[in-house]
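Numbering (the working numbering), first residue to last: 98 to 229.
Structure, as structure tokens:
So, in structure tokens, the structure goes:
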């Protein structure tokens, strides 16, 4: 049975980390240091792996719980990413049309793909947590 309280608790720290990385990436992009975005992207993938590992080790969830943690973390971080992308496009002069495209594209494409990637990475992390 899925314990939603444990899933929410296990999701908090990875969400804080990913939101912080997203804001840092946003600020670096405004400063013109966007190349670090790729490095922060890899760190974000590692956070998703750790979220699954931590869900199994620290919160005693099973693989299904670890996968759900990955989905929750990815969706919440994705929503924050959509908000930041909308702000960046608007600041760059993209206007309302550009912002609308960012929101719709992020919601229809980015969130589902991010949820699947978060699920897979958290399952891998959870599997590692079960074995080691």
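Idealized CB from N, CA, C, for every residue including glycine.
According to the Cβ coordinates, are residue 137 and residue 151 closer than 7 Å?
Working through the chain shown from its first residue, we reach residue 137 at position 40. Working through the chain shown from its first residue, we reach residue 151 at position 54. Against a cut-off of 7 Å, the Cβ pair of residue 151 and residue 137 comes out as no contact.
Counting C-beta neighbours from all protein chains within 10 Å, is the total for residue 210 16 or more, i.e. buried, or is it exposed?
Within the chain shown, numbered from 1, the residue matching residue 210 stands at position 113. Classification of residue 210: exposed, given that the 10 Å Cβ count is below 16.
Element boundaries [alpha helix (DSSP H), containing residue 118]:
Translated into positions along the chain shown, residue 118 becomes position 21. Element bounds for residue 118: 101-127.
I need the straight-line Cα distance from residue 139 to residue 184, nearest angstrom please.
One-based indexing of the chain shown puts residue 139 at position 42. One-based indexing of the chain shown puts residue 184 at position 87. About 23 Å.
Starting from the N-terminal side, write out each stretch of the alpha helix (DSSP H) that is 4 residues or longer and does not extend beyond the stretch 169-229.
192-202, 208-228
Residue 99 classed as buried or exposed, judged by whether at least 16 other C-beta atoms fall within 10 angstroms:
Along the chain shown, one-based indexing puts residue 99 at 2. Exposed: under 16 other Cβ atoms inside 10 Å.
Stretch-stretch touch, CB-based, cutoff 8 Å, three pairs: the stretch 186-203 with the stretch 166-174:
no
Proximity below 7 Å, CB of residue 155 to CB of residue 166
Here residue 155 corresponds to residue number 58 of the chain shown, with the count starting at 1. Here residue 166 corresponds to residue number 69 of the chain shown, with the count starting at 1. No; because the gap between Cβ atoms is not below 7 Å, this pair is not in contact.
Where does residue 158 sit, in a helix, a strand or coil, going by DSSP?
As a first step, residue 158 must be located in the chain shown, where it is residue number 61. Coil at residue 158, not helix or strand.
Take residue 227 as the anchor and find which of 163, 125, 129, 111 has the nearest alpha-carbon.
In the chain shown, counting from the first residue as 1, residue 227 sits at position 130. For the residues 163, 125, 129, 111, the minimum Cα distance to residue 227 belongs to 163.
Compare the C-beta of residue 216 with all C-beta atoms of chain C and state if any pair is closer than 7 Å.
In the structure shown, chain C does not exist; there is a single protein chain.
Using beta-carbon positions only, say whether residue 145 and residue 204 come within less than 7 Å of one another.
In the chain shown, residue 145 corresponds to position 48, counting from 1. In the chain shown, residue 204 corresponds to position 107, counting from 1. No, the Cβ-Cβ distance between residue 145 and residue 204 is not below 7 Å.
So, is residue 254 buried or exposed, given that buried needs 16 or more other C-beta atoms within 10 angstroms?
Any question about residue 254 goes unanswered here, given that the chain covers just 98 to 229.
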